[in-house]
Amino acid sequence: MEITKREVLASISIIAVMLLIGFLISGEISNSIMDDNEKYNKAVKIKDEDLFRYGMDTNIGNAFVYGKLESVDTVTYPEIGGEYIFVKKIEERRERHEEEITEKDSKGKEHTRIRVYYEWETENVESLHAKEIKFCGSTFSYNKIDLPSSKYIKTIPGDKVYSWESGERVKVRFVYYGVKTKYKGTIFADLRDGTIPNKTHFYKDSSIDDIVKMFETNATVAMVIFWIAWIILTGGIVYGFYYLDNEWLE
């Protein structure tokens, strides 16, 4: 691929236009980051239960709140015991599968055979959750706060059952995951109308300062990722331009 002088000059123009567009977009991103940072800086920082209740009742607005998250009532399955805010039970079956594979022998001839293998597959999923939770001394319905991720509890083998998929009796196991009943951490929420928004994210084991720093870091990373992606896109466009037949420049 021979690159002419006119193609080089044209590619410089392309790069200049892409950089101009990139600066315009990054300017919008920067303005959005500044607005978010202003929102975080103006947000009230709360660690007191009474102040949290007061903030919700008086529509205080955006706030970082640090406190204890715990379950008002608990759930479990009898076979695993314990107490959880949320618990999930997954029934898995070790199903038989067949796969046709082609192999070559020492003389280079191809032979086809059936490979039989077994895999654990999900048959059924069920779960239980508490009706109410408490955060920083105030009680909410279960769906108000997005709980920490569930963690593996244990696996209990079950009796073999007949599988209509494979036509044979297969192994069964029950795998359990759960969310503990007590955590400490921070939320960022709009305190209004005596409550918080549904699915408010809970940052487990994180202080208010930790979350503010994380938000600021995420904003910087987003800007860096944008420019990396934009430079790659610009390079791809220039390469594509060189690759095309550009006789019209002659």
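Numbering-wise, the sequence shown is residues 1 to 250 according to UniProt numbering. Backbone N, C-alpha and C fix where the C-beta goes; we use that ideal spot for every residue, glycine too. Computed from a predicted structure; not experimentally measured.
- Spanning the alpha carbons of GLU100 and HIS111 requires a straight line of approximately 10 Å.
- Taking the Cα positions, ASP193 is about 14 Å away from THR139.
- With respect to the C-alpha of LYS151, the residue from LYS39, GLU38, ILE21, LYS88 having the closest C-alpha is LYS88.
- DSSP places TRP164 in the coil class of the three-state scheme, outside both helix and strand.
- Separation of THR122 and ASN198 (C-alpha to C-alpha, rounded to the nearest whole angstrom) is 30 Å.
- Boundaries of the alpha helix (DSSP H) harbouring GLU49: 49-57, taken from the DSSP string.
- With contacts defined by Cβ atoms closer than 9 Å, LYS144 and ILE211 do not form a contacting pair.
- Contact check for GLU119 and GLU95: beta-carbon distance about 6 Å, within the 8 Å limit, so the pair qualifies.
- Just so you know, the alpha carbons of GLY185 and GLU70 end up roughly 11 Å apart.
- Take PHE202, set aside five residues on each side of it, and the residues of its chain with a beta-carbon closer than 8 Å to its own are LEU69, PHE135, ILE145, ASP146, LEU147, PRO148, TYR183, GLY185, THR186, ILE187, in chain order.
- Spanning the alpha carbons of PRO78 and MET214 requires a straight line of approximately 40 Å.
- Per DSSP, reduced to three states, the secondary structure at ASN62 is strand.
- Burial of TYR66 is indicated by the presence of at least 16 other C-beta atoms within 10 angstroms of its C-beta.
- Looking at the DSSP output, ASN124 shares a beta bridge with GLU91.
- Minimum Cα-Cα distance from LYS47 among the listed residues THR74, GLY235, ASN41, ILE208 corresponds to ILE208.
- Secondary structure remark: continuous beta strand (DSSP E) runs of at least 3 residues inside the stretch 193-244, in chain order: 200-204.
- Residue environment analysis places ILE25 among the exposed positions, since fewer than 16 neighbouring C-beta atoms fall within 10 angstroms of its C-beta.
- Taking C-alpha positions only, GLY22 is separated from ASN59 by approximately 39 Å.
- Leaving aside the five residues that flank THR102 on each side, the residues in its chain whose CB is nearer than 6 Å to its CB run, in chain order, GLU110, THR112.
- Take VAL179, set aside five residues on each side of it, and the residues of its chain with a beta-carbon closer than 7 Å to its own are TYR84, ILE85, PHE86, LEU147, PRO148, SER150, in chain order.
- Comparing C-alpha distances from VAL125 to each of ALA229, ASP105, ARG115, ARG93 shows the shortest one belongs to ARG93.
- When the Cα atoms are used, TRP230 and ASP36 turn out to be separated by approximately 23 Å.
- The beta carbon of GLY55 sits closer than 7 Å to those of VAL44, ILE46, ALA63, LEU191, all from its chain and outside the five residues before and after it, given in chain order.
- Per DSSP, LEU191 is one residue of the beta strand (DSSP E) stretching across 182-191.
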